[in-house]
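The structure appears right after this line, and notes come after that.
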């Protein structure tokens, strides 16, 4: 089936984000295809097949286990940058140090990946889902809204908080700020 | 909502940055954002760091995610399967 060969790799990649082994990822992917076949009739109104597919995959992982995380709202409400770094007028008092250009020298790609991976792990679940789908899996904002069934405004808030946290983590690791 | 015409301060800039990158600011807000940016080296650096963060996150592979995180989702998945069966 051409559809399968076209999307299976992408599905595996998404599943691989969530599960420990490639064998389990393969199972998730296959189960998703089964669910797709069973529900193909309900596909008609969906905008793209890919988001529908990923939505099914995400729902699989979530539908049972996230129950205890149900109270999870939009996540922590902390500012993107600690208020102590601005003066009374809201201007930078402790501005960001320059590290973009030399971060390659100071931190290997592997070390940077480890810092971001650990920071992702500490994010509230909703934030983590959004940033994984957007920035790791490369979905558009609209697709993420469809997959996670959230509004565009919520998507942006979650994305903002998660990206801000990840930037903080890199900054902290590089000793800047 | 922020009031129009007043200049943005850095502390507001860092909270608007995602809306800016997402193209979600109104034309007037966008103009104010870019006006501040043009005159503020620190916020320009901050924007650069956010873009660098997004790029670095985009280069993550499944292997870079912590075992705890992968285990968490693996666990959810296994529980879902066992309920399904």
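Protein chains in written order, with our numbering: chain X, 625 to 801; chain L, 6 to 90. The beta carbon of each residue, even a glycine, is placed where N, CA and C say it ideally should be. For clarity, every value in this text was computed on a predicted model and none was experimentally measured.
Terminal residues of the alpha helix (DSSP H) in which residue i lies
i             : result
residue 44/L  : 32-44
residue 18/L  : 15-26
residue 656/X : 646-663
residue 788/X : 776-798
residue 767/X : 765-772
residue 759/X : First-last for residue 759/X: undefined, no H or E at that position.
Proximal residues to residue i (C-beta, below 7 Å), its chain only, five neighbours per side dropped
i             : result
residue 711/X : 717
residue 783/X : 754, 755, 758
residue 656/X : 635, 677, 680, 681, 684
residue 45/L  : 15
Beta-carbon proximity list for residue i, same chain, < 8 Å, skipping 5 on both sides
i             : result
residue 113/L : Residue coverage of chain L in this structure runs from 6 to 90, which leaves residue 113/L outside it and unanswerable.
residue 30/L  : 21, 24, 38
residue 763/X : 675, 678, 757, 771
Proximal residues to residue i (C-beta, below 6 Å), its chain only, five neighbours per side dropped
i             : result
residue 811/X : The question about residue 811/X has no answer here: the residues shown for chain X are numbered 625 through 801.
residue 682/X : 771
residue 55/L  : 22
Residues bridged to residue i (per DSSP)
i             : result
residue 716/X : 710/X
Residue nearest to residue i in terms of C-alpha spacing, selected from the options
i             : options                    : result
residue 26/L  : 748/X, 647/X, 759/X        : 759/X
residue 649/X : 662/X, 632/X, 723/X, 661/X : 632/X
residue 787/X : 40/L, 64/L, 59/L, 15/L     : 59/L
residue 702/X : 791/X, 741/X, 785/X, 790/X : 785/X
residue 630/X : 673/X, 661/X, 651/X, 736/X : 673/X
residue 62/L  : 740/X, 707/X, 722/X        : 740/X
Query raised in the report: Any residues in the segment 36-52 of chain L with a beta carbon nearer than 9 Å to a beta carbon of chain X? Which ones, in chain order?
Result: 45, 46, 47, 48, 50, 51
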